[in-house]
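First residue of the sequence shown: 1, per UniProt numbering; consecutive thereafter. Even for Gly, the Cβ is constructed at its ideal location relative to N, Cα and C. First comes the structure, then the notes that go with it.
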Amino acid sequence: MVEMFYDKDADLGALKGKTVAVMGYGSQGHAQAQNLHDSGLDVVIGLREGSRRWAQAENDGLKVMTVADAAKAADVIQILLPDEIQSQVYYAEIEPGLEAGNALVFSHGFNIHYNQIVPSKDVDVYMVAPKSPGHLVRRTYNEGAGVPGLIAVYQDATGNARKMALAHAKGVGCTRAGVIETTFREETETDLFGEQVDLCGGVASLIKTSFEVLVEAGYQPEMAYFETLHELKLIVDLIHEGGLEKMWYSVSNTAEYGGLTVGPQVINEESREAMYIALERIQNGEFAREFVLEGQTNHAVLTSMERLENEHPVEVVGKKLRAMMPWLNSELNEE
Ligand code: NDP
Ligand code: MG
Ligand code: MG
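Structural data, given as structure tokens:
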């Protein structure tokens, strides 16, 4: 069984006296930076000139500088920018401010693992990756809890990288919930696989396709929406709490029998084959190259796909229905 690290295993002292620059104030940036600050660490935020988040970070009580100035000022530089632009910002603005003995920190191994950022040998490189969207990283911290996380050390120039990674995870609140040690390779490949096949890609396709089948067969879209999208959260909550066992226990025998016998026909051997292909493209770098090029072409594909996704009937009917259910927290909280 893998070892879990908790608060007692981590010493914030490893980061005391050091300035931590958090580059970016988006989903992870705003959450991790505020948690680190509230944990008593010396935090500055690096943003580009004119960023609308500049004032927001200042309102949150944080010191804000340009990325280049923050890189110069800091001993520990955490890059929480979108993965596909990190390399460009790193070489233009971060590397010139990096000194021997500094630390570079990531929350996803993409740029290191796929060779988009190649740091000099005299800096520490480690990862602190909360296993959660940013907004929950902040909310759970405020509630006195935390989200689970990962740490990994890629390069240990000072001999302190692992202690700093644990301290960093503590500052973010992850050791309150439990932290597992991994490698940049393992985190990168499993994270990409999970979001493509299961968490984001798989779930979205399952919802859309099952919705389409019901509607094409003549059922009301509102009925299809409730059945294929709305109820999913209730099911996932049960799985999250007690595994599949708790879900199967809670649903009717009819649902349990139908689910156990029909599920494998829907996610079938052909789907397994598609999952292996997705994994292979992650392992051999093809997905990474494609996504880096997507970033360099101003997200040509992503922009179009986002538009098409918003126009999908499940989204159109969903917007109307959610407006009739004001108890749902349906607005997109920016931060
Ligand atoms: P976001 O897309 O939310 O980050 C946006 C931030 O990056 C904004 O502050 C934006 O500033 C800034 N930014 C964008 N372009 C530039 C630029 N050229 N120069 C300077 N600043 C720029 O990122 P995420 O928080 O989603 O992801 C950050 C990292 O965390 C990634 O490595 C990701 O894989 C990882 N991660 C993310 C998770 C998540 O829940 N989102 C979960 C776990 C890991 P501006 O205001 O100027 O636009
Ligand atoms: Mg990810
Ligand atoms: Mg039902």
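Inter-residue Cα distance where the pair is residue i and residue j
i           : j           : result
residue 168 : residue 311 : 41 angstroms
residue 325 : residue 48  : 39 angstroms
residue 9   : residue 50  : 41 angstroms
residue 70  : residue 37  : 15 angstroms
residue 275 : residue 230 : 26 angstroms
residue 145 : residue 195 : 25 angstroms
residue 56  : residue 171 : 21 angstroms
residue 228 : residue 293 : 34 angstroms
residue 4   : residue 186 : 17 angstroms
residue 268 : residue 331 : 35 angstroms
residue 205 : residue 226 : 16 angstroms
residue 262 : residue 255 : 10 angstroms
residue 322 : residue 329 : 9 angstroms
residue 95  : residue 160 : 21 angstroms
residue 54  : residue 106 : 21 angstroms
residue 252 : residue 134 : 35 angstroms
residue 32  : residue 272 : 36 angstroms
residue 306 : residue 209 : 17 angstroms
residue 19  : residue 139 : 24 angstroms
residue 299 : residue 141 : 33 angstroms
residue 308 : residue 200 : 16 angstroms
residue 198 : residue 264 : 15 angstroms
residue 242 : residue 236 : 10 angstroms
residue 258 : residue 285 : 39 angstroms
residue 277 : residue 115 : 22 angstroms
residue 266 : residue 260 : 11 angstroms
residue 302 : residue 24  : 21 angstroms
residue 327 : residue 156 : 49 angstroms
residue 182 : residue 129 : 10 angstroms
residue 240 : residue 91  : 40 angstroms
Contacts around residue i, its chain only, beta-carbon distance under 7 angstroms, and the 5 residues preceding and following it disregarded
i           : result
residue 184 : 109, 112, 113, 127, 152, 154
residue 191 : 108
residue 189 : 282, 283
residue 136 : 147
residue 2   : 180
residue 334 : At residue 334, the pLDDT of 49 sits below 50, so the modelled position is not reliable and the matter cannot be decided from this model.
residue 295 : 84, 85
Assigned secondary structure, residue i (DSSP; H/G/I helix, E/B strand, else coil)
i           : result
residue 63  : strand
residue 339 : Since the displayed the chain opens at 1 and closes at 335, residue 339 lies outside it and no answer follows.
residue 78  : strand
residue 99  : coil
residue 207 : helix
residue 187 : helix
residue 130 : strand
residue 177 : coil
residue 147 : coil
residue 297 : coil
residue 140 : helix
residue 249 : helix
residue 155 : strand
residue 1   : coil
residue 324 : coil
residue 104 : strand
residue 21  : strand
residue 117 : coil
residue 285 : coil
residue 40  : coil
Test item: CB-CB of residue i and residue j under 8 angstroms
i           : j           : result
residue 80  : residue 26  : yes
residue 124 : residue 158 : yes
residue 67  : residue 93  : yes
residue 148 : residue 121 : no
residue 11  : residue 163 : yes
residue 63  : residue 97  : no
residue 46  : residue 22  : yes
residue 218 : residue 35  : no
residue 234 : residue 246 : no
residue 89  : residue 65  : no
Any chain C beta carbon closer than 8 angstroms to residue i
i           : result
residue 136 : Of the protein chains in this structure there is only one, and it is not chain C.
Residue i Cβ short of 7 angstroms to ligand 4 heavy atom set
i           : result
residue 103 : This structure does not include ligand 4; its bound ligands are ligand 1, ligand 2 and ligand 3.
Cβ neighbours of residue i in the same chain (closer than 8 angstroms, five flanking residues each side left out)
i           : result
residue 203 : 232
residue 6   : 175, 176, 178, 179
residue 291 : 83, 84
residue 313 : 211, 212, 215, 221
residue 166 : 5, 9, 10, 11, 14, 151, 175, 179
Nonlocal neighbours in the same chain, by C-beta distance under 6 angstroms from residue i, ignoring five residues either side
i           : result
residue 279 : 193
residue 39  : 171
residue 29  : 22, 80
- Message: Using a Cβ distance threshold of 8 angstroms, determine whether the region 221-232 contacts the region 313-320, with at least three qualifying pairs required.
- Response: yes
- Query: Taking contact to mean at least 3 C-beta pairs separated by less than 8 angstroms, is the region 58-77 in contact with the region 91-104?
  - Reply: yes
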